[in-house]
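Each residue of the sequence shown is one higher than the one before, starting from 72 at the first, in this note's numbering.
Just so you know, even glycine gets a beta-carbon here, dropped at the ideal spot from N, CA and C.
All figures in this text were calculated on a predicted structure; none of them were measured in a lab.
Following: one structure in structure tokens, then a few remarks.
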Amino acid sequence: MKTVSNDSSGFYFDRLPGGATIGRFGALDALGFVHGVTTLKGFDTALAARDPSTAAEDFAGVLGLDGAAWLEQIHGVNTIIVDSSGPAGSADGLITEAPGLALVGRSADCPLVLVADSAGRAVGMFHAGWRGTTGGIAMEFIRRIIGHFDSGPAELVACICPSVGLCCYEVGQDVQDAAVAGLGAHAVKFFAYRKGKLHFDMQACICDQLLRVGLVRHNVHPSGVCTICHEDLFCSYRRQGAVAGRFQAAIARTA
Ligand SMILES: [Zn+2]
């Protein structure tokens, strides 16, 4: 299948033996972390919207994992640390040190970010809609994983899954105001006008937050894939509205 990024550590699509297409990051492959992003090809995205528990367990099974932890995602900035499968509570970040436990997020445009401690201590996943992104969830999440697991920021690898891109993400002035209020005046650089309309680059904003809390640039991997432009592969709430399904992203520590 085509490779999206032009370096081996970036995002690419992989066709599974049964014919389903999954997104992966070379950087996480290289470190041996089981992970993936579901697409419309071979995955039940309606199930993921309707029944997150069953969809998460099904996806964990596809990845060869025994169990899945998942969140009621609430567009906040909080993270929960888990050690067992099932619903973990209401928050937007999950971290575990349990081997073989899939941390599963779901989305229809919002960035899902997979994080791995390259020394193998922990993995994490967070969901960053515009409220979470402008509220600084990426920085909060990294501080939490560093504080709890004694990971050094330079040891962390972060991969940003497909999400609505700058090309397609038209927002109101309220979103830019929230970004400046939450992140500081520099946050205006993640906004640009396209045909007179304000657009927001969430992947760039998340990358910037990750670097500010000490991640190293070569360990930060934005997929650069837009969910609206790739309608053959991804659900999009912006494009499809209330009937949109959800794609999932998952990561696990290996046993
Ligand atoms: Zn786009």
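Can you tell me which of the three DSSP states residue i falls into?
i      : result
Ala252 : helix
Thr109 : strand
Ala315 : coil
Lys268 : strand
Glu241 : strand
Val235 : coil
Ile299 : coil
Asp188 : strand
Lys73  : The predicted model places Lys73 with a pLDDT of 46, which falls under 50 and marks its position as unreliable; any figure quoted below should be read in that light. In the structure shown, Lys73 sits in coil (DSSP, three-state: anything other than H, G, I, E or B).
Ala258 : helix
Val246 : helix
His146 : coil
Ser124 : helix
Pro88  : coil
Can you tell which of the options has the C-alpha that lies nearest to the C-alpha of residue i?
i      : options                           : result
Ala91  : Asp100, Asp78, Thr109 and Ser79   : Thr109
Lys268 : Gln247, Arg215, Cys276 and Thr150 : Gln247
Met273 : Ala101, Val259 and Gly285         : Val259
Ala119 : Ala321, Leu237 and Ser294         : Ala321
Arg214 : Ala173, Ala256, Asp122 and Val148 : Val148
Gly157 : Phe96, Phe262 and Gly176          : Gly176
Met196 : Asp154, Gly203, Leu183 and Gly206 : Leu183
Cys300 : Ala173, Tyr240, Pro293 and Gly103 : Tyr240
Tyr308 : Ser178, Ser161, Phe261 and Gly94  : Ser178
Val212 : Cys278, Asp78 and Thr150          : Looking at the sequence shown, residue 212 is not Val but Phe. For the residues Cys278, Asp78 and Thr150, the minimum Cα distance to Phe212 belongs to Thr150.
Gly312 : Ala98, His146, Phe262 and Asp180  : Asp180
Asp245 : Arg310, Thr205, Cys306 and Val284 : Thr205
Ser124 : Gly285, Ala159 and Cys232         : Ala159
His219 : Phe261, Arg192, Ile231 and Cys232 : Arg192
Using 10 angstroms around the beta-carbon of residue i, count the other beta-carbons present and answer buried if the total reaches 16, otherwise exposed.
i      : result
Tyr264 : exposed
Pro88  : exposed
Arg288 : exposed
Met72  : In this predicted model, Met72 has a pLDDT of only 48, less than 50, meaning its place in the structure is not dependable; the value taken from the coordinates is given anyway. Met72 comes out exposed.
Ser222 : buried
His198 : buried
Ala101 : exposed
His270 : buried
Glu302 : exposed
Asp415 : Residue 415 is absent from the model: the chain starts at 72 and stops at 326.
Ala173 : buried
Ala131 : buried
Gln280 : buried
Gly135 : exposed
Whose CB is closer than 6 angstroms to a heavy atom of ligand 1? List the residues in chain order. With the cut-off at 6 angstroms, the residues found are Gly236, Cys238, Cys239, Cys297, Ile299 and Cys300.
Counting Cβ pairs, one atom from each stretch, are 3 or more of them under 8 angstroms apart for the segment 183-199 and the segment 221-237? The segment 183-199 vs the segment 221-237: in contact.
Would you check if the segment 161-179 and the segment 135-151 touch, i.e. whether three or more CB-CB distances between them fall below 8 angstroms? The segment 161-179 and the segment 135-151 touch, with three or more beta-carbon pairs separated by less than 8 angstroms.
Do the segment 113-127 and the segment 305-324 meet, that is, are 3 or more Cβ pairs less than 8 angstroms apart? Verdict: yes, contact present.
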